[in-house]
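There are 2 protein chains.
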Amino acid sequence: MIESTHREHGGASVDERGDADLRQRINTRFLGQAAAGRLHAVANTRPYPLDPLAPPIELVGATMKFCANAEIYGEGEPAEYFYQVVTGSVRTFRVLRGGRRQISGFYLPDDLFGLEPGDEHSHSAEAIVDSRVVVMKRSTMLCLAARNDNIALQLCAVARRELARAQAHALLLFQSAQGRVAGFLLDMASRSPQGDTIELPMSRRDIADFLGLTIETVSRTLTSLESEATIALSNARRIVLRNRLALSQMNA
Amino acid sequence: MIESTHREHGGASVDERGDADLRQRINTRFLGQAAAGRLHAVANTRPYPLDPLAPPIELVGATMKFCANAEIYGEGEPAEYFYQVVTGSVRTFRVLRGGRRQISGFYLPDDLFGLEPGDEHSHSAEAIVDSRVVVMKRSTMLCLAARNDNIALQLCAVARRELARAQAHALLLFQSAQGRVAGFLLDMASRSPQGDTIELPMSRRDIADFLGLTIETVSRTLTSLESEATIALSNARRIVLRNRLALSQMNA
DNA sequence: CGTGCAGTTGAGCAAATTCAACGCTTGTGG
DNA sequence: CCACAAGCGTTGAATTTGCTCAACTGCACG
Chain A
14 MIESTHREHG
24 GASVDERGDA
34 DLRQRINTRF
44 LGQAAAGRLH
54 AVANTRPYPL
64 DPLAPPIELV
74 GATMKFCANA
84 EIYGEGEPAE
94 YFYQVVTGSV
104 RTFRVLRGGR
114 RQISGFYLPD
124 DLFGLEPGDE
134 HSHSAEAIVD
144 SRVVVMKRST
154 MLCLAARNDN
164 IALQLCAVAR
174 RELARAQAHA
184 LLLFQSAQGR
194 VAGFLLDMAS
204 RSPQGDTIEL
214 PMSRRDIADF
224 LGLTIETVSR
234 TLTSLESEAT
244 IALSNARRIV
254 LRNRLALSQM
264 NA
Chain B
14 MIESTHREHG
24 GASVDERGDA
34 DLRQRINTRF
44 LGQAAAGRLH
54 AVANTRPYPL
64 DPLAPPIELV
74 GATMKFCANA
84 EIYGEGEPAE
94 YFYQVVTGSV
104 RTFRVLRGGR
114 RQISGFYLPD
124 DLFGLEPGDE
134 HSHSAEAIVD
144 SRVVVMKRST
154 MLCLAARNDN
164 IALQLCAVAR
174 RELARAQAHA
184 LLLFQSAQGR
194 VAGFLLDMAS
204 RSPQGDTIEL
214 PMSRRDIADF
224 LGLTIETVSR
234 TLTSLESEAT
244 IALSNARRIV
254 LRNRLALSQM
264 NA
């Protein structure tokens, strides 16, 4: 009964094998979530049909589904879990004074996220498109880490990777609009399974809020790059890199 | 003989208790350093008199002295050590295409630095003013960590703090010139021992390269803040916060 | 066949950079 | 002691960049 309720209202579902505590938390979280309607995230938050297939549990945790724009966690909440994208994609962000939004990272399949410097989330996380996410209890991981040095060091490695990502982001923000877009495209391409073809899951607004630009500037920069034959825009969400060298020269 | 050589040419010295391996490395490093003369860091790199007093070793390591603008480590070098500021201050940075420089962080007494995501330094580090720095061998720390879970978790904590710092930096870079300067001042004040009075160790160029602005914009913004009575500039390197509220409103 | 949303394009404007000059302090040498 | 060069910081004017506001296109959905 509880499960059917959150399926109708929450935009998130948990596979059957999740433990009771986790399910409880998920229900309390997502019952109130659809009504939140935060900035830029009001549309398309509809119930999502429960996937009958249980996806493989990659680590200690349960797999959850989030439909597009559903909140995974919110800024200020206690950071009790780690997350890993299975399918789909996720954005993490903060909302600044004046309603502006800073997206701090995009997470694609296999990426880990939710590792916060403190005990509570300094960012919010939302699914960009319908996504499956593995949820791991942080205390369980730390408990394992206490018994297994290797896991502790792996956690360390995750933190360091996240640090590298944040530094790369700062590097992007140092540059001109063209440099930022070029760097973003190169990064996305390096994470894309299809080499030079990028399938963007996120909107222009997301890109703009990640790069610290306006959607107009992002759009103009992309069309300018296309007119120079540096990239090709098959459609708005599908970009092919035609001249990586030119892009890297704009970036660094 | 080796020691006298590096004292004359290197701008760095190591206290007597440093182990032989460390001394060897330091000598090879700093013999060639004075001639490097990198961007923005050519002036005032003279020999520094050896301090006869051995400062307390706070962690597993040796204390070294660096005179103003001396290089502590360089981008691309293997990251074999962690560092902690004892006195003075340190900047870490990368040099971008076109000769621009991105300062990624300022480190004041007690701050740890040199924790890199990979096995080699992704940034360079330089003393801003004459400084004393504790140097700890990374492998020693990791070895300790392997035997002591607590140390492993502490290393994790350091990484997470560094992550928070990088995220805060990205947040700064998202804002207007005024917002960046305001955020910078608030951060420096929060790390200052004297409350509202900030004694800046770094030049306008350093600040500009940290905030992604030009020195002119930094200067203009500061004088503008002073004319609004938000801050007072006793002299160029000494700033007093007069209206923290106004600053925080500009920042977030 | 509208309606609504995402994306693009254009014109005018504000913000920050560039280029240039100037003041202040400091250290050097006559 | 003064003259003077060198750095650092500030100020001004012109230019460039990216933003704001607005219109318009294309596509998906009902």
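Respectively, the protein sequence lines represent chains A and B.
Per this note's numbering, the first sequence starts with residue 14, numbered consecutively.
Per this note's numbering, the second sequence starts with residue 14, numbered consecutively.
In this text, a Cβ means the ideal position worked out from N, Cα and C, and glycines have one as well.
If you're wondering where the values come from, they're calculated on a predicted model, not measured in any experiment.
1) If the cut is a Cβ gap below 8 Å, which residues of chain B does P130 (chain A) touch?
2) Out of B:L199, B:A138, B:L254, B:Y94, which one is the CA nearest neighbour of A242 (chain B)?
3) Taking 8 Å as the CB-CB cut-off, is A242 (chain B) touching chain A?
4) Would you call the CB atoms of A221 (chain B) and R173 (chain A) closer than 8 Å?
5) Taking the straight line between their C-alpha atoms, what separation do you get for A138 (chain A) and T76 (chain B)?
6) Could you tell me the alpha carbon to alpha carbon distance between A192 (chain A) and Q97 (chain A), rounded to whole angstroms?
7) With 8 Å set as the bound, which would you pick, yes or no: does the beta-carbon of S135 (chain B) sit closer than that to a beta-carbon of chain A?
8) Pairs of beta-carbons, one from the stretch 190-204 of chain B and one from the stretch 158-167 of chain A, closer than 8 Å: are there three or more?
9) By alpha-carbon positions, which one of A:L199, A:A195, A:M154 ends up nearest to Y94 (chain A)?
10) Which term fits A83 (chain A), buried or exposed, when burial requires 16 or more other beta carbons within 10 angstroms of its beta carbon?
11) Of all Cβ atoms in chain A, is any one closer than 8 Å to the Cβ of Q191 (chain B)?
12) Have a look at B:A195, B:A265, B:R257 and flag the residue whose alpha-carbon is nearest the alpha-carbon of V231 (chain B).
13) By the three-class DSSP mapping on this structure, what secondary structure does E212 (chain A) have?
14) Which residues, in chain order, does the stretch 103-120 of chain A contribute to contact with chain B at a C-beta distance below 9 Å?
15) For the stretch 111-182 of chain A, list the beta strand (DSSP E) runs that are entirely contained and at least 3 residues long, ordered along the chain.
16) Do you know offhand how far L246 (chain B)'s Cα is from S117 (chain A)'s?
17) Hey, is A165 (chain A)'s beta-carbon within less than 8 Å of any beta-carbon in chain B?
18) At a CB-CB cut-off below 7 Å, which residues of chain A make contact with A183 (chain B)?
19) Could you compute how far the alpha carbon of R59 (chain A) sits from the alpha carbon of T234 (chain A)?
20) Contact criterion: CB-CB distance below 8 Å. Does L258 (chain B) meet it with respect to chain A?
21) So, with DSSP's three-state summary, where would you put N264 (chain A)?
22) Would the C-beta of A245 (chain A) count as close to the ligand GDP, meaning under 7 Å from any of its heavy atoms?
23) For L176 (chain A) versus A179 (chain B), is the C-beta distance shorter than 8 Å?
24) Checking contacts by CB at 8 Å: is L226 (chain B) closer than that to chain A?
25) Using C-beta distances below 8 Å, list every residue in its chain close to H136 (chain A), excluding the 5 sequence neighbours before and after it, in chain order.
26) So which residues on chain B does A265 (chain A) lean against when the C-beta distance must stay under 8 Å?
27) Thinking C-alpha only, which one of B:A259, B:Q167, B:L168, B:A181 is nearest F119 (chain B)?
28) What would DSSP say about F187 (chain A), mapped onto helix, strand or coil?
29) Assuming N183 (chain A) and A183 (chain B) make a contact with CB atoms under 8 Å, what is their CB distance in whole Å?
30) Does any residue of chain B have a CB that is nearer than 8 Å to the CB of S237 (chain A)?
31) Note down, in chain order, every chain A residue with its Cβ under 9 Å from the Cβ of L254 (chain B).
32) Do you know whose CA, among A:L185, A:S189, A:G127, lies nearest F223 (chain A)'s CA?
33) Along the alpha helix (DSSP H) that carries T234 (chain A), what are the first and last residues, could you check?
34) With DSSP run on the structure shown, which of helix, strand or coil describes S247 (chain A)?
35) Between which residues of its own chain and E212 (chain B) is the CB-CB distance below 8 Å, once the five residues before and five after are set aside?
According to the structure data:
1) Indexing the first sequence from 1 puts residue 130 (chain A) at position 117. Here the neighbours are R173, R174, L176, A177, Q180.
2) For the purposes of this step, residue 242 (chain B) is taken as the residue at position 229 of the second sequence. Among B:L199, B:A138, B:L254, B:Y94, the Cα nearest to that of A242 (chain B) is on B:L254.
3) Start at 1 with the first residue of the second sequence, and residue 242 (chain B) comes out as number 229. Not closer than 8 Å to any Cβ of chain A, the Cβ of A242 (chain B) fails to qualify, so no.
4) For the purposes of this step, residue 221 (chain B) is taken as the residue at position 208 of the second sequence. For the purposes of this step, residue 173 (chain A) is taken as the residue at position 160 of the first sequence. No, the Cβ-Cβ distance between A221 (chain B) and R173 (chain A) is not below 8 Å.
5) Counted from its first residue, the first sequence places residue 138 (chain A) at position 125. Counted from its first residue, the second sequence places residue 76 (chain B) at position 63. Cα to Cα, A138 (chain A) sits roughly 43 Å from T76 (chain B).
6) Against the first sequence, residue 192 (chain A) aligns to sequence position 179. Against the first sequence, residue 97 (chain A) aligns to sequence position 84. Looking at the sequence provided, one finds Gly at residue 192 (chain A) rather than Ala. When rounded, the distance between both Cα atoms is 29 Å.
7) Position 122 of the second sequence, counted from the start, is the residue given in the question as residue 135 (chain B). Interface residue, yes.
8) Contact fails between the stretch 190-204 of chain B and the stretch 158-167 of chain A, because fewer than three Cβ pairs, one in each stretch, are under 8 Å apart.
9) In the first sequence, counting from the first residue as 1, residue 94 (chain A) sits at position 81. That would be A:M154, whose Cα lies nearest to the Cα of Y94 (chain A).
10) As a first step, residue 83 (chain A) is located in the first sequence; it is residue number 70 there, counting from the start. Around the CB of A83 (chain A), 16 or more other CB atoms lie within 10 Å, so the residue is classed as buried.
11) Along the second sequence, one-based indexing puts residue 191 (chain B) at 178. Chain A contact via Cβ: absent.
12) For the purposes of this step, residue 231 (chain B) is taken as residue 218 along the second sequence, with counting starting at 1. Nearest option by C-alpha distance: B:A195.
13) For this step, residue 212 (chain A) is matched to residue 199 along the first sequence. In the three-state reduction of the DSSP assignment, E212 (chain A) falls in the strand class.
14) Cβ contacts with chain B come from R107, L109, R110, G111, R113, Q115, S117.
15) Every unbroken stretch of the beta strand (DSSP E) spanning 3 or more residues and falling wholly within the stretch 111-182 of chain A is given here in chain order: 114-120, 137-140, 144-150.
16) Working through the second sequence from its first residue, we reach residue 246 (chain B) at position 233. Working through the first sequence from its first residue, we reach residue 117 (chain A) at position 104. Looking at the two C-alpha atoms, the distance is approximately 34 Å.
17) Taking the first residue of the first sequence as position 1, residue 165 (chain A) is located at position 152. Yes, contact with chain B.
18) Looking up residue 183 (chain B) in the second sequence gives position 170. Listed along chain A are S117, A179, H182, A183, L186, each with a C-beta nearer than 7 Å to that of A183 (chain B).
19) Walking along the first sequence from the start, residue 59 (chain A) turns up at place 46. Walking along the first sequence from the start, residue 234 (chain A) turns up at place 221. For R59 (chain A), the predicted model reports a pLDDT of 32, less than 50, meaning its position is unreliable and no value from the coordinates is stated.
20) Indexing the second sequence from 1 puts residue 258 (chain B) at position 245. False, the Cβ-Cβ gap to chain A never drops below 8 Å.
21) Taking the first residue of the first sequence as position 1, residue 264 (chain A) is located at position 251. Helix, per DSSP.
22) By its list of ligands, the structure shown contains no ligand whatsoever, and the ligand GDP lies outside what it can speak to.
23) The residue given as residue 176 (chain A) occupies position 163 in the first sequence. The residue given as residue 179 (chain B) occupies position 166 in the second sequence. Contact flag set, yes.
24) Taking the second sequence and counting its residues from 1, one reaches residue 226 (chain B) at position 213. Judged by the 8 Å Cβ criterion, L226 (chain B) is not in contact with chain A.
25) Locating residue 136 (chain A) in the first sequence gives position 123, counting from the first residue. Only residues of its own chain outside the window of five on either side were considered, and among them E88, T105, F106, R107, S117, E129 have a CB closer than 8 Å to the CB of H136 (chain A), listed in chain order.
26) Position 252 of the first sequence, counted from the start, is the residue given in the question as residue 265 (chain A). Simply L109, R110.
27) By 1-based counting over the second sequence, the position of residue 119 (chain B) is 106. Of the listed residues, the one whose Cα sits closest to F119 (chain B) is B:A181.
28) For the purposes of this step, residue 187 (chain A) is identified with residue 174 of the first sequence, where counting begins at 1. Coil at F187 (chain A), not helix or strand.
29) On the first sequence, residue 183 (chain A) is found 170 positions in, with the first residue counted as 1. On the second sequence, residue 183 (chain B) is found 170 positions in, with the first residue counted as 1. Per the sequence shown, residue 183 (chain A) should be read as Ala rather than Asn. The Cβ separation is near 5 Å, so the contact holds.
30) Position 224 of the first sequence, counted from the first residue, corresponds to residue 237 (chain A). Not closer than 8 Å to any Cβ of chain B, the Cβ of S237 (chain A) fails to qualify, so no.
31) Counted from its first residue, the second sequence places residue 254 (chain B) at position 241. Result: empty, since nearest Cβ-Cβ is about 19 Å, beyond 9 Å.
32) Translated into positions along the first sequence, residue 223 (chain A) becomes position 210. Closest by alpha carbon: A:L185.
33) The residue labelled residue 234 (chain A) in the question sits at position 221 within the first sequence. Counting along the chain, the alpha helix (DSSP H) containing T234 (chain A) begins and ends at 228-240.
34) On the first sequence, residue 247 (chain A) is found 234 positions in, with the first residue counted as 1. Three-state DSSP puts S247 (chain A) in a strand.
35) In the second sequence, residue 212 (chain B) corresponds to position 199, counting from 1. Closer than 8 Å at Cβ, skipping near neighbours: S205, R250, R251.
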